[in-house]
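One structure is given below, encoded as structure tokens.
In this note's numbering, the protein residues as written are 127 to 314.
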């Protein structure tokens, strides 16, 4: 993606999607391939006075973990993950890996064993979200792998994501707010 679109993307995610505020403890979860967006989101979070931190997962670590971990390791929840669920104000998950099929040959039972104990963490986050104490957003960073899954070239997929997120507009946040108002009128 071009720099201007990435800058607009970061601003839209933090201003509209997450409503990031001064003092917010803010996690950015991504893979290295999405570094251009991570850098801009991090920079924008600092401008807003938030306290950003990153969780950058190397490609294939989840596959290695699921194929190599014991049952006890699969079911282990780090105390740090519990603290994070109880304390963070906002989290941004940036999707867009190098290999969208990396878990295709992993035993689904291992994946289920890993997910089962994480239900407690999701409940904490859902409760906090319902109380207005936690905000989250899942977004897509265009990569060759995701473009291939969409049967597009990378340039076509970047254009698709840009249009879907109103990054082709002068003010994407204003476009999202207008869409929100339009939808609100329809719902009533």
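Just so it is clear, CB atoms sit at the ideal spot from N, CA and C, and this is done for glycine as well.
C-alpha of residue 288 to C-alpha of residue 145: approximately 20 angstroms in a straight line. Our two residues, residue 310 and residue 302, have alpha carbons roughly 12 angstroms apart in a direct line. Nearest neighbour of residue 129 by Cα position, chosen from 194, 148, 167, 141, turns out to be 167. The three-state reading of DSSP puts residue 277 in coil, since its state is none of H, G, I, E or B. For the segment 249-311, the full-length alpha helix (DSSP H) segments reaching 4 residues or more read 270-275, 280-290 along the chain. The three-state secondary structure of residue 173, taken from DSSP, is helix.
Per DSSP, the unbroken alpha helix (DSSP H) holding residue 236 starts and ends at 234-241. The C-alpha of residue 298 lies about 8 angstroms from the C-alpha of residue 135. Exposed is the label assigned to residue 313, since fewer than 16 other Cβ atoms lie within 10 Å of its Cβ. When the beta-carbon positions are compared, residue 160 and residue 267 come within less than 8 angstroms of each other.
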